[in-house]
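Participant: Sharing a structure here in structure tokens format.
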Amino acid sequence: ASCIPLITSGNDVVIAAETGSGKTHGYLVPLIDKLCASCDTAAAAADHGATPLPRKFSLVLCPNVMLCQQVVSMTNCLQNMDGSPLLRASAVCGNQ
1 ASCIPLITSG
11 NDVVIAAETG
21 SGKTHGYLVP
31 LIDKLCASCD
41 TAAAAADHGA
51 TPLPRKFSLV
61 LCPNVMLCQQ
71 VVSMTNCLQN
81 MDGSPLLRAS
91 AVCGNQ
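For the sequence shown, position 30 (counting from the first letter as 1) is numbered 30 according to UniProt numbering, and the numbering increases by one without interruption.
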């Protein structure tokens, strides 16, 4: 959680900590918050007749396939209050 202010500042961030310390949530939470906020803004503008903005996306780089799959799994498990997915995540991994 201590990395969240650094991430929300908009600068590049490298996070290193022991296994199970919450690194993945540490960078996914502000990332997802920012993506959802931009989607809400675009939806509100579209409701008022404005031209919809292109979809936003983020790129998360992982050092190995296992961590990549963990990020995708954690992201795809997050849901709105109605049970629909907040975001869609996909993995593109080398050597598969």
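Yeah, the Cβ is synthetic: ideal placement off N, Cα and C, and Gly gets one too.
The structure presented is a predicted model; accordingly, all values stated were derived computationally and were not measured.
At the level of alpha carbons, what is the spacing between N11 and C62?
Facilitator: As a first step, residue 11 must be located in the sequence shown, where it is residue number 11. As a first step, residue 62 must be located in the sequence shown, where it is residue number 62. N11 and C62: Cα-Cα distance of roughly 18 Å.
Participant: So who's on the other strand from P85, going by DSSP bridges?
Facilitator: Reading the sequence shown from its first residue, position 85 is the one you call residue 85. BP columns for P85 point to Q79.
Participant: Would you identify the three-state DSSP class for T19, choosing helix, strand or coil?
Facilitator: In the sequence shown, residue 19 corresponds to position 19, counting from 1. In this structure, T19 counts as coil in the three-state DSSP scheme.
Participant: Could you pull out every residue in the same chain whose Cβ sits closer than 6 Å to the Cβ of N76, ignoring the five residues on either side in sequence?
Facilitator: Translated into the one-based positions of the sequence shown, residue 76 becomes position 76. Cβ within range, chain order: A89.
Participant: According to the neighbour-count rule (16 or more other Cβ atoms, all chains shown, within 10 Å of its Cβ), is L28 buried or exposed?
Facilitator: Taking the first residue of the sequence shown as 1, we reach residue 28 at position 28. Classification of L28: buried, given that the 10 Å Cβ count is 16 or more.
Participant: Could you give the distance in angstroms between the alpha-carbon of Q70 and the alpha-carbon of C36?
Facilitator: For the purposes of this step, residue 70 is taken as residue 70 along the sequence shown, with counting starting at 1. For the purposes of this step, residue 36 is taken as residue 36 along the sequence shown, with counting starting at 1. So the two alpha carbons sit approximately 21 Å from each other.
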